[in-house]
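S.K.:
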């Protein structure tokens with residue numbers, strides 16, 4: 001099933017991407033202010049503006065601009081930044097590596113903590129352990145990420161001086177320094193996402209525990225720990241996987257705030273700076289990229305899901 | 001024991017790399033990446049700051065923003081004011097080792113005057129903006145270049161010296177490739193362009209063959225010594241992060257210090273903050289075509305309701321002084337006659353409002369968060385005007401949106417900051433003009449416009465002074481805008497940095513700067 | 001046991017926040033907009049319990065007023081999202097077919113859309129005001145609501161009483177209103193509670209990026225954003241609004257848990 005199914009799902013995603021592209025384009029042009037004006041600042045006279053707009057290709061009608069951009073984009077060319085003439089696609093990939101290294105590490109860490117913790121809490125439902133886990137998770141979930149980031153920055157960066165407070169170094173250049181630079185953002189994201197994922201893993205595990213085959217396994221006289229390890233933990237992973245997809249998608253969209261707090265040159269900042277600078281190709285490209293990743297992650301989750309479905313595994 | 005010896009070894013290893021660490025570049029923060037490496041091309045303030053280390057023009061602005069010889073040894077103007085003869089300095093070489101001759105100068109000038117280069121200052125020199133029109137450029141011999149204008153222009157030299165024009169930096173033709181595409185600036189400055197990691201840093205390297213002018217540093221001219229072998233401009237868009245980086249020692253110099261960070265930075269021993277009033281103007285613009293604000297009495301009432309000295313002290317302490325004149329306080333033409341401003345008078349403001357029939361209508365004021373002092377000025381003005389019964393509502397926009405509204409003249413009032421104008425005529429030209437064709441202009445008074453035109457052609461200093469004093473009188477009577485102060489330029493640096501000095505152009509200079 | 005504890009703590013927190021929010025419209029200790037440039041960044045004292053901000057305004061008063069603005073914005077956002085989302089979800093789930101597919105296509109596109117661009121665009125169109133934020137966030141959350149409503153409608157419409165209603169000649173609109181909508185209320189209430197929390201969080205995040213409710217009206221988000229430069233020198237400015245947001249979200253989450261347990265018998269503790 002999966003090859004045709006995957007293709008069909010991919011086909012369904014295309015209109016979504018097209019719609020996103022169109023909406024981003026339209027909304028971006030609706031926002032007042034344009035890059036030519038920003039570049040000329042308070043001294044922009046009409047003739048200069050016109051000349052600059054022409055050199056940027058902004059004087060064509062909007063449909064023409066859109067179709068040109070889309071046509072090039074379909075061939076893998078996302079254009080060049082209006083602000084610094086850099087090619088957009090390599091720029092996005094470069095920034096995405098930064099963001100991904102932080103988000104993936106944080107989500108992996110959070111999942112590694114949250115799934116076992118949530119499963120155990122579900123297993124011991126309504127015990128004081130459960131209460132402690134749920135309360136802790138709810139508390140973490142309630143803290144605004146950027147506030148937590150600021151406080152960590154204040155404590156470990158400024159007061160204790162353990163980590164550098166600004167910037168980023170790639171792993172390729174200096175792995176140890178890179179680790180120090182991404183430590184705080186990763187810790188911040190991990191803490192917040194642990195809260196979300198623990199609660200999700202717990203309720204998924206509760207659902208699994210209620211399934212008949214678990215009762216069956218128990219009735220066969222298997223020890224509780226075996227039931228938990230063999231049946232509950234693997235099966236609670238499916239729903240958590242779905243959530244992981246959503247979390248990843250949301251993180252890509254919401255990472256801008258964390259990147260602002262820690263001044264990381266990631267994808268989120270690229271987009272926000274692009275919006276402020278009215279750097280149309282950069283914003284359009286970034287958005288298309290993020291939407292594509294979002295669609296891809298969800299597709300992947302859907303395709304992987306059957307492998308973790310308890311009803312399948314129970315056969 | 002083992003651990004101890006390990007630590008000792010580690011310390012020794014750390015010490016052995018210290019000499020290398022001393023050669024680490026001097027790091028200065030920039031709040032945004034440079035736009036390109038083309039002087040006066042695709043540029044912004046930060047691009048200019050970096051480029052002024054790499055390229056030099058025939059003339060450069062001195063500490064008081066007047067043009068003085070740079071690559072030219074001397075400049076002779078013909079009696080009719082039409083022909084400028086530049087004699088080039090001897091012994092100057094480009095970064096690639098080639099000597100500077102009139103051929104490269106002519107090549108550079110022709111390149112700038114080619115519309116395809118998209119030089120920012122082309123309209124000012126081809127007659128489009130009315131400032132000056134170059135009719136001829138020639139190189140009579142290897143050391144001389146002449147430029148001929150259509151009409152005498154008082155602003156010609158200061159225009160080609162402007163940092164936003166890239167100081168009309170003289171480039172070696174190898175700056176562009178065989179296909180005519182830009183490669184990188186091969187100039188004559190004390191530093192040459194090194195690695196540019198977009199979004200992260202721009203590095204400059206000392207030009208060992210630099211031929212310095214004698215004497216002290218003087219604006220963009222004077223003696224320049226590249227004391228540090230390498231300079232690195234680190235891009236940190238977030239001001240809080242930039243401050244934190246300075247405190248943590250991740251950068252040595254903060255080229256742009258937002259005022260909210262000042263008290264904290266000043267309180268620290270390991271950091272110094274220095275300030276100089278810039279030529280940028282912070283003002284409240286009033287739309288004289290607005291149905292409400294076209295009434296001069298309401299504009300005057302608004303001006304009278306503000307306690308500007310209090311506002312300035314509140315926001316900036318003693319770092320700058322209130323200034324009511326469009327001419328910056330650093331300008332040699334801002335005379336005593338332009339020092340006065342009517343004191344706050346709530347009663348008089350209320351009287352004027354009553355006369356004008358103002359009944360508490362909401363006045364919208366646009367401001368932004370990108371420039372904290374501009375924002376603080378709006379918030380403070382709002383509170384002060386409320387005492388006189390003027391109801392102001394703030395609209396906080398992102399800078400690009402505000403600029404759009406400014407360019408279209410689509411506002412009632414806005415709290416705004418103008419970039420520095422380095423000549424008094426330009427300071428007035430910046431705010432005055434016919435709104436029908438240039439909606440961004442705030443003040444359209446025919447008498448004032450005629451005076452401004454005259455100030456651009458008159459070369460006699462006393463006569464020019466009289467014109468500016470008269471303009472000030474008109475300006476204060478009509479209140480098309482309320483000028484608050486000249487934004488101070490701040491530079492903060494770590495204690496071991498020597499030679500940093502802010503000045504009126506606001507551009508940080510890192511030549512003659514060293515680190516212990 | 002946990003149910004009641006959740007409800008108790010969550011309810012108390014929310015009552016406190018909403019009480020403060022409502023009170024702030026009639027009374028605050030001092031005028032939250034009153035600027036005193038000579039009393040900038042005063043540390044907490046008897047006159048100002050939580051000190052003053054960067055232009056000398058009383059932080060306690062601003063926190064109270066901020067509760068008012070933040071809650072109003074969040075509540076309106078939820079209203080917009082729930083109204084729009086249920087309408088779309090109902091129609092999509094009930095009609096199915098191509099209408100459903102089209103609506104869900106738009107829905108998915110919106111889900112993949114960044115809130116910040118939506119906010120900037122709408123703020124530009126509507127002028128910077130809290131209404132712009134409400135519209136932007138409301139629209140951003142609409143797809144989530146629509147998805148959930150559509151899901152429950154799809155399951156409800158298979159039930160006998162819906163078929164019965166259609167077979168006795170009731171119009172589709174009547175059937176939707178009378179029989180389908182009520183079935184979606186429980187999940188909607190739970191979702192609306194979460195949305196309220198998200199809206200408060202999102203407003204503060206937008207403010208942090210400089211796009212939130214415009215000053216001088218205080219919200220916790222723009223207070224936190226304004227406090228940022230003073231993280232070291234005047235830490236109370238950052239602590240207080242952040243703590244307010246965290247406590248409100250905690251209240252919302254606990255109350256949401258209690259509601260879910262109460263309304264969804266499946267997850268009720270055995």
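Chains as they are written, first to last, in the UniProt record's numbering: chain A, 1 to 315; chain B, 1 to 516; chain C, 1 to 270. The beta carbon of each residue, even a glycine, is placed where N, CA and C say it ideally should be. Source: prediction; values computed, not measured.
Can you grab the Cα-Cα spacing for the pair residue 192/B / residue 90/B, in whole Å?
M.R.: Whole-angstrom Cα-Cα distance: 20 Å.
S.K.: Can you pull out the residues from the region 243-260 of chain C whose beta carbon lies closer than 9 Å to at least one beta carbon of chain A?
M.R.: Taking 9 Å as the Cβ-Cβ cut-off against chain A, the residues of the region 243-260 of chain C that qualify are 243, 245, 246, 247, 248, 249, 250, 251, 252, 253, 254 and 257.
S.K.: Give a yes or no on whether 7 Å exceeds the smallest Cβ distance from residue 504/B to chain A.
M.R.: Residue 504/B does not count as touching chain A.
S.K.: Based on DSSP bridge pairs, tell me the residues matched to residue 134/B.
M.R.: For residue 134/B, which the question treats as bridged, DSSP gives the partners 149/B.
S.K.: Would you call residue 5/A buried or exposed, if buried means 16 or more other Cβ atoms sit within 10 Å of its Cβ?
M.R.: With fewer than 16 Cβ atoms within 10 Å of its Cβ, residue 5/A is classed as exposed.
S.K.: For residue 364/B, does the three-state DSSP call read helix, strand or coil?
M.R.: Here residue 364/B sits in strand by DSSP.
S.K.: Measure from the alpha carbon of residue 86/A to the alpha carbon of each residue in 33/B, 61/B, 53/B and 322/B, then state which is nearest.
M.R.: The candidate whose alpha carbon is nearest that of residue 86/A is 33/B.
S.K.: Going along chain B, which residues have a C-beta under 8 Å from residue 145/A?
M.R.: By Cβ distance, chain B contributes nothing, its closest Cβ being about 16 Å from residue 145/A, past 8 Å.
S.K.: Tell me which residue opens and which closes the alpha helix (DSSP H) that residue 39/C is part of.
M.R.: From DSSP, residue 39/C is part of no alpha helix (DSSP H); its letter is neither H nor E.
S.K.: Comparing alpha-carbon positions, which option in 271/B, 412/B, 483/B and 267/B lies nearest residue 329/B?
M.R.: The shortest C-alpha separation from residue 329/B is found at 483/B.
S.K.: With DSSP as the reference, label residue 83/B as helix, strand or coil.
M.R.: Here residue 83/B sits in strand by DSSP.
S.K.: Relative to the C-alpha of residue 475/B, which residue among 512/B, 427/B, 493/B and 458/B is closest?
M.R.: Nearest of 512/B, 427/B, 493/B and 458/B to residue 475/B, Cα basis: 427/B.
S.K.: Considering only their Cβ atoms, is the gap separating residue 33/A from residue 401/B smaller than 7 Å?
M.R.: Yes, these two residues count as a Cβ contact at 7 Å.
S.K.: Are the CB atoms of residue 273/C and residue 140/C nearer to each other than 7 Å?
M.R.: There is no way to answer for residue 273/C, as the model of chain C reaches only from 1 to 270.
S.K.: Have a look at residue 112/A and residue 77/C and give me their C-alpha separation to the nearest angstrom.
M.R.: The alpha-carbon atoms of residue 112/A and residue 77/C are separated by roughly 35 Å.
S.K.: Leaving out the 5 sequence neighbours to the left and right, which residues in its chain are closer than 8 Å to residue 25/B when beta-carbon positions are compared?
M.R.: Excluding positions up to five away in sequence, the list reads 203, 228, 229, 230, 231 and 232.
S.K.: I'd like the list of long-range same chain contacts for residue 93/B, defined as Cβ closer than 8 Å, with 5 residues on each side in sequence excluded.
M.R.: So the list reads 99, 100, 188, 209 and 211, once near-sequence residues are dropped.
S.K.: Alpha carbons only, please: which of 512/B, 113/B and 456/B is nearest the one belonging to residue 158/B?
M.R.: For the residues 512/B, 113/B and 456/B, the minimum Cα distance to residue 158/B belongs to 456/B.
S.K.: So what's residue 481/B in DSSP terms, helix, strand or just coil?
M.R.: In this structure, residue 481/B counts as strand in the three-state DSSP scheme.
S.K.: Between which two residues does the beta strand (DSSP E) harbouring residue 201/B extend?
M.R.: Start and end: 201-206.
S.K.: Listed from N- to C-terminal order along the chain, which residues in the region 194-212 of chain C have their beta-carbon within a distance smaller than 7 Å of any beta-carbon of chain A?
M.R.: Those would be 201, 204, 205, 208 and 209, in chain order.
S.K.: Kindly indicate which residue of 119/A, 301/A, 101/A and 202/A has the alpha-carbon position closest to the one of residue 230/A.
M.R.: Residue 119/A is the option with its Cα nearest to residue 230/A.
S.K.: Does DSSP classify residue 141/B as helix, strand or coil?
M.R.: The answer is strand: DSSP assigns residue 141/B an E or B state.
S.K.: Report the residue from 142/C, 182/C and 97/C whose alpha carbon sits nearest the alpha carbon of residue 196/C.
M.R.: Per the Cα distances, 142/C.
S.K.: Between which two residues does the alpha helix (DSSP H) holding residue 373/A run?
M.R.: In the structure displayed, chain A extends from 1 to 315; residue 373/A sits before or after that span and is not available.
S.K.: So which of 335/B, 185/B, 377/B and 425/B has the shortest CA-CA distance to residue 153/B?
M.R.: Nearest option by C-alpha distance: 425/B.
S.K.: Please work out which residues of its chain come closer than 7 Å, Cβ to Cβ, to residue 245/B, disregarding the five sequence neighbours upstream and downstream, and give them in chain order.
M.R.: Only 29, 236 and 251 meet the Cβ criterion.
S.K.: When Cβ atoms are compared, which residues of the region 217-239 of chain B fall closer than 9 Å to chain A?
M.R.: Listed by position, the residues of the region 217-239 of chain B near chain A (Cβ gap below 9 Å) are 234, 235, 236, 237 and 238.
S.K.: Closer than 6 Å by C-beta to residue 479/B: which residues in its own chain qualify, once you throw out the five before and the five after it? Chain order, please.
M.R.: Same-chain partners within the cutoff: 299, 300 and 303.
S.K.: Report the neighbours of residue 278/A on chain B: residues whose CB is nearer than 8 Å to its CB, in chain order.
M.R.: Under the 8 Å cutoff, chain B gives 400.
S.K.: With DSSP as the reference, please indicate the residues paired to residue 523/B in a beta bridge.
M.R.: Since the first residue shown for chain B is 1 and the last is 516, residue 523/B is missing from the structure and cannot be characterised.
S.K.: Along the chain, which unbroken stretches of the alpha helix (DSSP H) at least 4 residues long are found entirely within the region 194-230 of chain C?
M.R.: Here the runs fully enclosed are 220-227.
S.K.: Between residue 493/B and residue 167/B, how many whole angstroms is the CB-CB distance? I'm expecting something under 8 Å.
M.R.: Between residue 167/B and residue 493/B the Cβ distance is about 24 Å, and since that is not below 8 Å, they are no contact.
S.K.: So with CB distances below 8 Å, who are the chain A contacts of residue 106/C?
M.R.: By Cβ distance, chain A contributes 19.
S.K.: Can you pull the DSSP bridge partners for residue 493/B?
M.R.: BP columns for residue 493/B point to 253/B and 272/B.
S.K.: Give the list of continuous alpha helix (DSSP H) stretches no shorter than 4 residues that lie fully inside the region 163-195 of chain B.
M.R.: Complete alpha helix (DSSP H) runs here, min 4: none at all.
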